[in-house]
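Going by my numbering, the sequence shown wraps up at 446, each residue one higher than the last.
Just so it is clear, CB atoms sit at the ideal spot from N, CA and C, and this is done for glycine as well.
Working notes, structure below.
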Amino acid sequence: MKVTVVGTGYVGLVTGACLADMGNHVMCLDVDARKIEILNSGGIPIHEPGLDEVVRRNAAAGRLQFTTDIPAAVSHGTIQFIAVGTPPDEDGSADLQYVLAAARNIGRLATDYKLVVDKSTVPVGTADKVKAAIADELARRGLDLAFSVASNPEFLKEGAAVEDFMRPDRIVVGAEDERAVNLMRALYAPFQRTRDKLVVMDLRSAELTKYAANAMLATRISFMNELALLAEKMGADIELVRQGIGSDPRIGYHFLYAGAGYGGSCFPKDVKALIRTAADQGQGLKVLQAVEDANDAQKRVLVDKVVARFGADLNGKRFAIWGLAFKPQTDDMREATSRVVIAELLARGATVSVYDPVAMDEARRIFGDEPRIAYASGPMQAAAGAEALLIVTEWKEFRSPDFEGLKAALKTPVIFDGRNLYEPALVREFGLDYEAIGRPA
Ligand code: NAD
Ligand code: UGA
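What follows is the structure, encoded as structure tokens:
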């Protein structure tokens, strides 16, 4: 099939590359000329395991193209995925300007039937707006052209995006006509060999499903984080509690890890957007509002612990930070807890030495030449001579550190672990103090 993907970010690039891998002819469009240039010269603009291989393989086979040429992209695909960003507006609602610009381009330039698929995360009712934008542009041209609009939200996780896309749990399709459903069924046939994973529904239910999924996952995390705070106060261990409740199949083990708050380009933004959507309908989402408030506080928990030990004035103290990305296996720092931790430490007069296996360039881009941030060449280099260590992201390479070396490197031998990487008793055997999330002090 001929497919166009509008927006070549995390979702668009993965979608385009994986669909090409199934034999489709895919054209990826982006307005960011730098991104397209990198892709056309054999590079990958993001860090995502396995993606470079799929991209190169399909580009070499001539099935995957990258362009900034809007007319060519609209003309190419019978199926036009919209996978552009939907960042939060000032009031928390999703900013639809990029989605609607993409839709208008299709209406402005299409000359044959198009199935326009919203893959971006968009509020309920967006498909109707996309439909109206296309119809409007067609009417302006005096064209009576058939088109369909479908909603196909994406559930991939960064750091496991290719794997998630290639082996989806489910493929949600919101549509209103059979032509759209049949095209989507045909496109996704190679991804559902073992069982029918297509869940077909109306457009609005599909749009709400995406927010419901992210809101549910964020809720689990915030609930565990609050329980962890309680566990600390009561002398209980959240790790044991996790195992105790996760064994109930109604609860399950996934997404039950307490930590220093959730970040990323999605949970924070989507929780806000769903709260906003509900408020516009005159409905408060009390549970979700609490989830958001709890997460804002949780991102400060590590610094609260630092202050409890060293006092609010951190002048003249340098802290080592391991992990800058919002989660391992990505260089994405959008809404990362590390950003809050660094800002709070600097605000109290401290300096920091930071290390992340892949997000150092991204950190430099974000922080510029801030003189109070030193970029270390490795984890032990960051720790050398620092007052104490804060762990913010659970990269594998932090899991078995040289504890003896750490004790010698730190001025005050204490680890503030925001991701519960170690057995508390083991760390203490090395003479280090260990303050984790929801684990016995
Ligand atoms: P991103 O910021 O990485 O990429 C978006 C891309 O769209 C950018 O490269 C931008 O230049 C491009 N763009 C903007 N306007 C355009 C236009 N008119 N024409 C062509 N290109 C245009 O965003 P992302 O992380 O891929 O997210 C995209 C959407 O998918 C969002 O709605 C997000 O909520 C959703 N989503 C993201 C993830 C994830 O893990 N990142 C997972 C599921 C869903
Ligand atoms: C999340 C969802 O998991 C995807 O299904 C969804 O498609 C995506 O958002 C999206 O809509 O964009 P992602 O943000 O890439 O994916 O990463 P997650 O693995 O979900 O992690 C999000 C945050 O939650 C991270 O900061 C992580 O550290 C935190 N987290 C995750 C916890 O604190 N505890 C957990 O048990 C799991």
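Any heavy atom of the ligand NAD inside 7 Å of the beta-carbon of L34? Correct: L34 has its Cβ closer than 7 Å to the ligand NAD.
If you pair each beta-carbon of the region 293-309 with each one of the region 103-118, do three or more pairs fall below 8 Å? Counting C-beta pairs closer than 8 Å gives fewer than three between the region 293-309 and the region 103-118, which falls short of the contact rule.
For the region 190-203 against the region 254-263, do three or more pairs of beta-carbon atoms, one drawn from each stretch, fall closer than 8 Å, so that the two count as touching? Taking 8 Å as the limit for Cβ pairs, the verdict is that the region 254-263 does not touch the region 190-203.
Quick check: T342 and G287, are their CB atoms within less than 8 Å of each other? Cβ distance not < 8 Å, so T342 and G287 don't count as in contact.
Under three-state DSSP, which class holds Q386? When secondary structure is reduced to three states using DSSP, Q386 falls in the helix class.
Which of helix, strand or coil DSSP assigns to S153: Looking at S153 - three-state DSSP - the assignment turns out to be strand.
Roughly how many angstroms separate the alpha carbons of E440 and I420, rounded to a whole number? Our two residues, E440 and I420, have alpha carbons roughly 6 Å apart in a direct line.
Unbroken stretches of the alpha helix (DSSP H), 4 residues or longer, contained in the region 289-369: Runs found: 291-303, 306-315, 342-352.
Kindly identify the DSSP beta-bridge partner or partners of F71. Answer is C33.
My understanding is that G82 touches V8, with C-beta atoms under 8 Å, so please give their C-beta distance in whole angstroms. The pair is a contact, with the Cβ atoms about 5 Å apart (cut-off 8 Å).
Within the continuous beta strand (DSSP E) that includes A446, where are the two ends? First-last for A446: undefined, no H or E at that position.
Taking the alpha-carbon of A64 as reference, which of I43, D96, P54, E53 has the nearest alpha-carbon? For the residues I43, D96, P54, E53, the minimum Cα distance to A64 belongs to I43.
How far does the alpha helix (DSSP H) with Q251 in it reach, from first residue to last? First, the amino acid is wrong: residue 251 is Gly here, not Gln. Note, G251: alpha helix (DSSP H), 243-251.
C-beta neighbour in chain B for L431, strict 8 Å: Chain labels in this structure do not include chain B; a single protein chain is all it has.
Excluding five sequence neighbours on each side, which residues of the same chain lie with their C-beta closer than 6 Å to the C-beta of V154? The beta carbon of V154 sits closer than 6 Å to the beta carbons of V121, A132, V135, K136 from its chain, once the five residues preceding and following it are set aside; these are given in chain order.
C-beta contact flag for A330 and T398 at 8 Å: Yes, they are a contact pair.
Taking just the CA atoms, how far does H52 sit from F372? In this model, F372 and H52 are separated by some 19 Å (Cα to Cα).
Taking only the alpha-carbon atoms, compute the straight-line gap between F499 and A391 and give it to the nearest angstrom. The requested residue 499 is not part of the displayed model; the chain covers only 6 to 446.
If we count Cβ pairs, one from each stretch, closer than 8 Å, do we get three or more for the region 379-393 versus the region 357-366? Yes: at least three Cβ pairs fall under 8 Å.
Length-filtered (3 minimum) beta strand (DSSP E) runs lying within the region 203-269: The beta strand (DSSP E) runs lying completely inside the region 203-269 and spanning 3 residues or more are 203-206, given in chain order.
What would DSSP say about Q286, mapped onto helix, strand or coil? Q286 carries a coil assignment under DSSP once its states are collapsed to helix, strand and coil.
Alpha-carbon to alpha-carbon, L34 and M171: Spanning the two alpha carbons is a distance of roughly 21 Å.
Quick test of your reading: I87 and G147, contact by CB under 8 Å. State the CB separation rounded to the nearest angstrom. Not confirmed; about 25 Å, so no contact.
Those runs of the alpha helix (DSSP H) which lie wholly inside the region 108-178 and span at least 4 residues: Counting only runs of at least 4 residues, the region 108-178 fully encloses the following alpha helix (DSSP H) elements, listed from N- to C-terminal order: 131-145, 166-171.
Report the rounded CA-to-CA distance for Y211 versus V16, giving the unit in angstroms. According to the sequence as given, residue 211 is Ala; it is not Tyr. Each residue's alpha carbon lies about 17 Å from the other.
Along the chain, where does the beta strand (DSSP E) containing E440 start, and where does it finish? Element bounds for E440: 438-440.
For the alpha helix (DSSP H) that F408 lies in, which residues bound it at each end? It spans 408-414 - the alpha helix (DSSP H) in which F408 sits, taken as one unbroken run.
In the DSSP output, which residue or residues are listed as bridge partners for L395? Here L395 is bridged, per DSSP, to I326, F421.
Tell me whether G164 is buried or exposed, calling it buried when 16 or more other Cβ atoms sit within 10 Å of its Cβ. Note on G164: 16 or more other CB atoms within 10 angstroms of its CB, so buried under the neighbour-count rule.
Under a three-way DSSP split, which group does Q102 fall into? Assigned with DSSP and collapsed to three states, Q102 falls in helix.
Using a threshold of 8 Å, state whether the C-beta atoms of I75 and N45 are closer than that. Contact: no.
Kindly confirm or deny that the region 347-355 and the region 310-328 touch, where touching means at least three C-beta pairs closer than 8 Å. Here the region 347-355 makes contact with the region 310-328; the two share three or more CB pairs at distances below 8 Å.
Output needed for K274: all residues of its chain with C-beta closer than 6 Å, excluding positions within five of it in sequence on either side, in chain order. Excluding sequence positions up to five before and after K274, its CB lies within less than 6 Å of the CB of P93, all in the same chain and listed in chain order.
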